[in-house]
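Written out below as structure tokens is the structure these notes cover.
Protein chains: 2
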Amino acid sequence: MTMQLKDLGKAVLATEYAVRGPIVARAQELEKLGREVIYCNIGNPQSLGQRPITYVRQLLALCEYPELLTAAPGVFPSDVLDTARAILEGTRHGLGAYSESRGVRFIREAVARFIEARDGAAVDPDHIYLTDGASKGVQSILKLLIASPTDGIMIPIPQYPLYSATITLYEGRIVPYGLDEADHWRLNPALLEASLAKAQAEGTRVKAICVINPGNPTGAVLDAANIAMVLEFARKHGLSVLADEVYQENIYLPGDTFVSFAKVLHDRGIKDVSLFSFHSCSKGFQGECGVRGGYFDHRNVPADVAAQILKLQSVSLCANLAGQVATYAMVNPPRPGTPSHALFQKERGGILESMKQRAVILAEGLNRIEGITCNVIAGAMYAFPRVELPPGVNDEAWCMALLEATGICVVPGSGFGQAEGTAHFRTTILPPTDKIRAVVEKLGAFHREFAARV
Amino acid sequence: MTMQLKDLGKAVLATEYAVRGPIVARAQELEKLGREVIYCNIGNPQSLGQRPITYVRQLLALCEYPELLTAAPGVFPSDVLDTARAILEGTRHGLGAYSESRGVRFIREAVARFIEARDGAAVDPDHIYLTDGASKGVQSILKLLIASPTDGIMIPIPQYPLYSATITLYEGRIVPYGLDEADHWRLNPALLEASLAKAQAEGTRVKAICVINPGNPTGAVLDAANIAMVLEFARKHGLSVLADEVYQENIYLPGDTFVSFAKVLHDRGIKDVSLFSFHSCSKGFQGECGVRGGYFDHRNVPADVAAQILKLQSVSLCANLAGQVATYAMVNPPRPGTPSHALFQKERGGILESMKQRAVILAEGLNRIEGITCNVIAGAMYAFPRVELPPGVNDEAWCMALLEATGICVVPGSGFGQAEGTAHFRTTILPPTDKIRAVVEKLGAFHREFAARV
Numbered sequence: 001m002t003m004q005l006k007d008l009g010k011a012v013l014a015t016e017y018a019v020r021g022p023i024v025a026r027a028q029e030l031e032k033l034g035r036e037v038i039y040c041n042i043g044n045p046q047s048l049g050q051r052p053i054t055y056v057r058q059l060l061a062l063c064e065y066p067e068l069l070t071a072a073p074g075v076f077p078s079d080v081l082d083t084a085r086a087i088l089e090g091t092r093h094g095l096g097a098y099s100e101s102r103g104v105r106f107i108r109e110a111v112a113r114f115i116e117a118r119d120g121a122a123v124d125p126d127h128i129y130l131t132d133g134a135s136k137g138v139q140s141i142l143k144l145l146i147a148s149p150t151d152g153i154m155i156p157i158p159q160y161p162l163y164s165a166t167i168t169l170y171e172g173r174i175v176p177y178g179l180d181e182a183d184h185w186r187l188n189p190a191l192l193e194a195s196l197a198k199a200q201a202e203g204t205r206v207k208a209i210c211v212i213n214p215g216n217p218t219g220a221v222l223d224a225a226n227i228a229m230v231l232e233f234a235r236k237h238g239l240s241v242l243a244d245e246v247y248q249e250n251i252y253l254p255g256d257t258f259v260s261f262a263k264v265l266h267d268r269g270i271k272d273v274s275l276f277s278f279h280s281c282s283k284g285f286q287g288e289c290g291v292r293g294g295y296f297d298h299r300n301v302p303a304d305v306a307a308q309i310l311k312l313q314s315v316s317l318c319a320n321l322a323g324q325v326a327t328y329a330m331v332n333p334p335r336p337g338t339p340s341h342a343l344f345q346k347e348r349g350g351i352l353e354s355m356k357q358r359a360v361i362l363a364e365g366l367n368r369i370e371g372i373t374c375n376v377i378a379g380a381m382y383a384f385p386r387v388e389l390p391p392g393v394n395d396e397a398w399c400m401a402l403l404e405a406t407g408i409c410v411v412p413g414s415g416f417g418q419a420e421g422t423a424h425f426r427t428t429i430l431p432p433t434d435k436i437r438a439v440v441e442k443l444g445a446f447h448r449e450f451a452a453r454v
Numbered sequence: 001m002t003m004q005l006k007d008l009g010k011a012v013l014a015t016e017y018a019v020r021g022p023i024v025a026r027a028q029e030l031e032k033l034g035r036e037v038i039y040c041n042i043g044n045p046q047s048l049g050q051r052p053i054t055y056v057r058q059l060l061a062l063c064e065y066p067e068l069l070t071a072a073p074g075v076f077p078s079d080v081l082d083t084a085r086a087i088l089e090g091t092r093h094g095l096g097a098y099s100e101s102r103g104v105r106f107i108r109e110a111v112a113r114f115i116e117a118r119d120g121a122a123v124d125p126d127h128i129y130l131t132d133g134a135s136k137g138v139q140s141i142l143k144l145l146i147a148s149p150t151d152g153i154m155i156p157i158p159q160y161p162l163y164s165a166t167i168t169l170y171e172g173r174i175v176p177y178g179l180d181e182a183d184h185w186r187l188n189p190a191l192l193e194a195s196l197a198k199a200q201a202e203g204t205r206v207k208a209i210c211v212i213n214p215g216n217p218t219g220a221v222l223d224a225a226n227i228a229m230v231l232e233f234a235r236k237h238g239l240s241v242l243a244d245e246v247y248q249e250n251i252y253l254p255g256d257t258f259v260s261f262a263k264v265l266h267d268r269g270i271k272d273v274s275l276f277s278f279h280s281c282s283k284g285f286q287g288e289c290g291v292r293g294g295y296f297d298h299r300n301v302p303a304d305v306a307a308q309i310l311k312l313q314s315v316s317l318c319a320n321l322a323g324q325v326a327t328y329a330m331v332n333p334p335r336p337g338t339p340s341h342a343l344f345q346k347e348r349g350g351i352l353e354s355m356k357q358r359a360v361i362l363a364e365g366l367n368r369i370e371g372i373t374c375n376v377i378a379g380a381m382y383a384f385p386r387v388e389l390p391p392g393v394n395d396e397a398w399c400m401a402l403l404e405a406t407g408i409c410v411v412p413g414s415g416f417g418q419a420e421g422t423a424h425f426r427t428t429i430l431p432p433t434d435k436i437r438a439v440v441e442k443l444g445a446f447h448r449e450f451a452a453r454v
């Protein structure tokens, strides 16, 4: 007898991942039938026409095939050749060998310099792990934290479903805390305390709180005061903090800056809260989703626990080396005065400026549709608008109808979590400007017709 | 209060991974102190001087930086340029976008053709998943299979510790079955039945059997009859089969050929055993460990279970795209008559011929040492010799003493499992020929002195 569905674990069956769920499957079917689909379901910039950063790809090509260091004169700027040579020397054996489990030390040292320049606080390169995208790092730390079925992890509502899926898969308890839609999706101490108290009353041992900043799917950007509030909350209740900071380059409003959890931890001299911070090559302006590069670093983690992290990483051998190189490129961009600097700045600026424009077009356009309201998109790559639905219709049905009618593929709010009695959807800001305008137009026409019909 | 060791789960604490354990840590310390270390602990060919296959690296460079398709005339053979163009078209968005969760379909179709040519049996490309090395695929399937703490997975003793580590981490039960050292480490039906009966008597629900062929660490190569025996055993007891076939190119004895579990399953018309087969870019003659490429395919898995596999993979988004390209290169080598064929054949032949020689030098050399016996190394990249130790000395102490005395880093047999009362170690065959000779010499001198001293 073959395997049977009933033989699978409850945790596997209960795991949900809406970003690639049934609506996306239907979109792929429609595309095969010849329909044009606009994929707004996933933060995958290069699938929607964003061009890779030349500096990143030149480094990757040179490191993959070092013969190019001398075989293709005139093709690569001199500083890129020098950087590729330095990386190859740093890896010792090139990209074809497993690295140390934490990742190539030369690259971790570059990550440490990047963090120090950003935060004004040093970090030990041995507390940095290079990972296959940020997701793998998040999953490792959740596995570490969830020790029994009554262990709980606080996650925002709405959240990125990596968190809910992984906690379910590892048989922990999801402890949801609400983000305040009326206050730009900020974290609110009263909502945090209420969430914790409710979980504890249910017998849950709350181990950690996850924060996504800038927010996915909310687009909110936290300031230092809001971050300090979260750290004090964690300290008060003995929680670890997971700071998902993969959108740290994606900040759109004048005056806003990215503030890391690590910086606030350092500035306030907090020594009694364990912090894990995650970063990725997939977002920002690189948008190198396919390379699966990223890192996490940890603070205030006792040496015996850190040894367990190293052990778990060693079972998975190491992160892919191309991803490690892309991480180096991310933390070590061309410097002013180098031959590759001007093109890099032009490409970087073009992408970020265009994202900023699209964020405005999308949010303003959505707010013009009757029955749809959307917070300002301050950061990240998404809008999470609220939509008024007729009684008896849920957000999944609405999203499916939108797809069938317009070819626009978005994800229902229920996949991210939303306040009881509300309906939302998540859309990326990533389609090119003309398509973003078309999305707004078509979505408006669809919703007017839908609201009138139902 | 920060995280504490006591907050971690028992499964995390219990997980062991000897290939990167304390002996390797000590080796790294010695190296920092200026000692020469010969790393025989891990199958990492390019770290020991093996050169990458030019075809693979040219494809990777071209796909990473497609400008090279036209910018570097004369550098790349025309067929490699054509293949890179085909891959890029197959990915649709290049290497910078997430692919489908299963991996790029164009590449899965190439894997399906490779399997069909090898086995004479077709496979649905949607039953193939491209993975970040074979390890990630193995871990996914073990996660799927282990549904409760009484679920057990049969693994060979000795085994590759990915299996024991992952089963422990996912809180299943390890069900060990012995390989018959006296019969070239083959699988023996009596040992399988005894293992299963013992586990069942202990209340274990045995779900699957893992087989590594060619064997790691044993170097054994199974024939069709031995594989058929395993499949009939699995059928009789309703087990799934995990076939770890990452060393399928590494076959050294004249007359031996690699026979896949899938081929035997097909040839015998077995429809009631679920089979998962794993392959990797890290081994064979490519030895591209750093690229983290590989795949698994499944047979006789009901559609509802297959849907769960797809869902789990989707949480991890997709395998890295460079690894997917390397997998394409593995299953689609240059054809006779193409410009890149001659160099490819020369590189491939040189590596495999040299491995075959080193396997002989190592096994014969080890057998000349009094107190050490080693089976013929028929396949894979390792020897797992037995060593006679004085009373009161275990294999870990011996390996550590070997490292301190000679700089040779091997892994104790206890990390892989061994019959009660025996001691072994695992060494790779990967150091260059002159170093392999030095390893044999030094190891012999060390053991004579060790045996006399203790």
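First to last, the protein sequences are chains S and H.
UniProt numbering puts the first residue of the first sequence at 1, with every later residue one more than the last.
UniProt numbering puts the first residue of the second sequence at 1, with every later residue one more than the last.
Yeah, the Cβ is synthetic: ideal placement off N, Cα and C, and Gly gets one too.
Predicted model only: the values in this text are computed from it and were never measured.
Using DSSP with H/G/I as helix, E/B as strand and the rest coil, what is residue i?
| i | result |
| --- | --- |
| Pro52 of chain S | coil |
| Pro336 of chain H | coil |
| Phe106 of chain S | helix |
| Tyr39 of chain S | strand |
| Phe285 of chain S | coil |
| Pro161 of chain S | helix |
| residue 457 of chain S | With chain S represented from 1 up to 454, any question about residue 457 of chain S goes unanswered, as that position is not in the structure. |
| Ala86 of chain H | helix |
| Cys399 of chain H | helix |
| Lys10 of chain S | helix |
| His184 of chain H | coil |
For residue i, decide whether its Cβ has a neighbour in chain H, counting only Cβ atoms nearer than 7 Å.
| i | result |
| --- | --- |
| Pro52 of chain S | yes |
| Gly290 of chain S | yes |
| Asn320 of chain S | yes |
| Gly9 of chain S | yes |
| Met3 of chain S | yes |
| Asp119 of chain S | no |
| Ser274 of chain S | yes |
| Gly323 of chain S | yes |
| Gln46 of chain S | yes |
| Asn250 of chain S | no |
Relative to the C-alpha of residue i, which candidate in the options has its C-alpha closest?
| i | options | result |
| --- | --- | --- |
| His279 of chain S | S:Gly238, S:Lys143, S:Gly287 | S:Gly287 |
| Tyr129 of chain H | H:Arg348, H:Ala419, H:Leu312 | H:Leu312 |
| Gly152 of chain S | S:Leu88, S:Leu253, S:Glu171 | S:Glu171 |
| Ile309 of chain S | H:Thr2, H:Val12, H:Ser101 | H:Val12 |
| Val411 of chain H | H:Val393, H:Pro390, H:Pro334, H:Pro385 | H:Pro385 |
| Val387 of chain S | S:Phe425, S:Ala359, S:Ser354 | S:Phe425 |
| Ser164 of chain S | S:Ser135, S:Phe450, S:Gly294 | S:Ser135 |
Report all residues from its chain with a CB closer than 6 Å to the CB of residue i; omit the five preceding and five following residues, and keep chain order.
| i | result |
| --- | --- |
| Arg108 of chain S | Pro125, Ile128 |
| Leu402 of chain S | Ile408, Phe446 |
| Arg173 of chain S | Gly152, Thr204 |
| Leu48 of chain S | Leu430, Pro431 |
Please return the same chain residues whose Cβ sits closer than 7 Å to the Cβ of residue i, not counting the five positions on each side in sequence.
| i | result |
| --- | --- |
| Tyr177 of chain S | Met154, Pro156, Ile157, Leu191, Leu192, Ser195 |
| Asn367 of chain S | Thr373, Cys374 |
| Ala347 of chain H | Residue identity check: residue 347 of chain H is Glu in the sequence provided, not Ala. For Glu347 of chain H, where only same-chain residues beyond five positions count, the Cβ hits under 7 Å are Ile53, Thr54. |
Closest Cβ-Cβ distance between residue i and chain S: below 7 Å?
| i | result |
| --- | --- |
| Ser314 of chain H | yes |
| Arg57 of chain H | yes |
Take residue i and list the residues in its own chain whose beta-carbon comes closer than 8 Å to its own, dropping the five residues that flank it on each side.
| i | result |
| --- | --- |
| Leu68 of chain H | Ala61, Leu62, Val75, Phe76 |
| Gln50 of chain S | Gly287, Ile351, Leu430 |
| residue 456 of chain H | A query on residue 456 of chain H cannot be resolved here, the shown segment of chain H reaching from 1 to 454 and no further. |
| Gln46 of chain H | Pro52, Gly287, Glu288, Cys289, Gly290 |
Within the region 308-354 of chain H, note down every full alpha helix (DSSP H) run reaching 4 residues or more, in order along the chain.
321-331
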